[in-house]
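Participant: Handing you a structure now.
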């Protein structure tokens, strides 16, 4: 199908392109930008005047819940939500049931997503068997089955010796390891940031040291092994400084942050609203400022949704007894655009953190509108205001603290491989 996207403000950070131009798509590829290719006849014209045309977004941390927890979400419901949020590539966590530690599970997830055709799904494999931190999972076999990276999630590997062996193996095969740094002994049964707010509310806190100690340990072992490493969903200012120092020493490490940690703080928890029960927890204003600074300086390269859909019952309990996490695929772009409103980033810089930067971290050919690249495209109106309601969310999870709020910026169309997978 030949598609002409006309009159939009085309922003592609990989080509330093930011101007109003026509974009031409043929046979699933981008064939021209600005100039009409010879003999091109459009089967469909998308009028993008007054809108931004950019590469499809790449989300570095998403939980699809399938297989195993389909009461919270399915590959179908969550990839539909991703398309509605302008996201064309999802990196998904291995904590399904069964866990992504066999080729069969990795392939099932990819095949199911491919059959549905709403978004490209890249599974992360378990770093250790059962995510238990004791025996190395079959990393090479999982990588051959399409696993883009390996993680033990927030189940820190207690034995530094075991972790060292995992990283040595990953380094030998040039596999990407993703850390979601948390010392479980220090996090224990905490449910929010350990500070004056948690004390006043009488809730058990998770100290910053639960993250920073684990970041420090992982960085030392990364330095020893030379493995490609990425730190996901940082929440502490001190963590950002440690990553920055490591990068200055020449370490091949990258980091991302979830959008909610750039906008909210632990003070939001004041009313015991379980929608604010997140993992990692919302931290202090100082931490939020440190994360924002890290984004501006480039220490934090990417922004993700850390999408964790839940069924209503998972959030209907006293705060500490609820399950942590929020749904975020459809709010990733509008919430991120608020950073442009606040003049923290320019729009092309923001788009880079959601497209080209995640692609570089993963080492994949995506996040670009270059001639000959796959036509993964997001078309959005940056100034359109809309109210976030349960009905407007396509995700099975309605658990977000932003319900009822007016958001600015909305996706109007999403293309994947040159097919229109979403249109408002």
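In full-length UniProt numbering, the protein residues as written are 1 to 424.
Note that the Cβ used here is the ideal one computed from N, Cα and C, for glycine as well.
Keep in mind the model is a prediction, meaning the values are calculated, not measured.
1) Taking the continuous beta strand (DSSP E) assigned at residue 412, which residues delimit it?
2) Could you name the residues of the same chain whose beta carbon sits closer than 7 Å to that of residue 136, not counting the 5 residues immediately before and after it, in chain order?
3) Assuming the contact rule is C-beta atoms closer than 8 Å, residue 53 and residue 120 should be a hit. Round their C-beta distance to whole Å, please.
4) What are the boundary residues of the alpha helix (DSSP H) that includes residue 187?
5) Counting only runs of 3+ residues fully inside the stretch 25 to 111, write out the beta strand (DSSP E) ranges in chain order.
6) How about residue 234 and residue 261: do their beta carbons lie closer than 9 Å?
7) Residue 367 and residue 359 look like a contact to me (Cβ under 8 Å); what is the Cβ gap, rounded to whole Å?
8) In terms of residue numbering, what span does the alpha helix (DSSP H) encompassing residue 218 cover?
9) Can you tell me where the beta strand (DSSP E) with residue 160 in it begins and where it stops?
10) Report all residues from its chain with a CB closer than 8 Å to the CB of residue 106; omit the five preceding and five following residues, and keep chain order.
11) Using a 10 Å radius around the Cβ and a threshold of 16 neighbouring Cβ atoms, would you call residue 416 buried or exposed?
12) Would the beta-carbon of residue 241 fall within 9 Å of that of residue 290?
13) Determine whether the beta carbon atoms of residue 56 and residue 414 lie at a separation below 9 Å.
14) What distance in whole Å lies between the Cβ atoms of residue 95 and residue 329, which are believed to be in contact at a cut-off of 8 Å?
15) Whole angstroms are fine: how far does the CA of residue 195 sit from the CA of residue 270?
16) For the candidate residues 395, 338, 306 and 371, whose alpha-carbon lies nearest to that of residue 384?
17) Taking all protein chains shown into account, decide if residue 200 is buried (16 or more other Cβ within 10 angstroms of its Cβ) or exposed.
18) For a quick check, are the C-beta atoms of residue 88 and residue 82 less than 9 Å apart?
19) Ignoring anything shorter than 4 residues, give me the alpha helix (DSSP H) runs that lie fully in the stretch 353 to 377, in order along the chain.
20) In chain order, what residues of the same chain have a beta carbon less than 7 Å from the beta carbon of residue 395, not counting five sequence neighbours either side?
21) Which runs of the alpha helix (DSSP H) fall wholly inside the stretch 281 to 368 and span at least 4 residues, in chain order?
22) Thinking C-beta only, is residue 1 closer than 9 Å to residue 44?
23) Which term fits residue 27, buried or exposed, when burial requires 16 or more other beta carbons within 10 angstroms of its beta carbon?
24) Are residue 311 and residue 228 touching if we call contact CB-CB under 9 Å?
25) Under 9 Å, do residue 153 and residue 282 count as touching if we go by C-beta distance?
26) Distance, Cα to Cα, residue 285 vs residue 350?
27) Determine the contact status of residue 369 and residue 149, defining contact as a CB-CB distance below 9 Å.
Facilitator: For this structure:
1) 406 to 416
2) 128, 165, 166 and 169
3) Actually they do not touch by this definition, with Cβ atoms about 19 Å apart.
4) 184 to 187
5) 29 to 33, 44 to 47, 52 to 55, 57 to 62 and 87 to 92
6) yes
7) 3 Å
8) Per DSSP, the unbroken alpha helix (DSSP H) holding residue 218 starts and ends at 209 to 225.
9) Looking at the DSSP string, residue 160 is not in any beta strand (DSSP E); the run it does join, the alpha helix (DSSP H), is 160 to 172.
10) 100, 123, 125, 142, 145, 146 and 147
11) buried
12) Residue 241 is a Cβ neighbour of residue 290, given a cutoff of 9 Å.
13) yes
14) Not confirmed; about 17 Å, so no contact.
15) CA-CA distance, residue 270 to residue 195, rounds to 12 Å.
16) 338
17) exposed
18) yes
19) Whole alpha helix (DSSP H) segments, 4+ residues: 356 to 362.
20) 73, 77, 78, 81, 309, 327, 329 and 330
21) 285 to 297, 332 to 341, 347 to 354 and 356 to 362
22) At the C-beta level, residue 44 and residue 1 come within 9 Å of one another.
23) exposed
24) no
25) no
26) 21 Å
27) no
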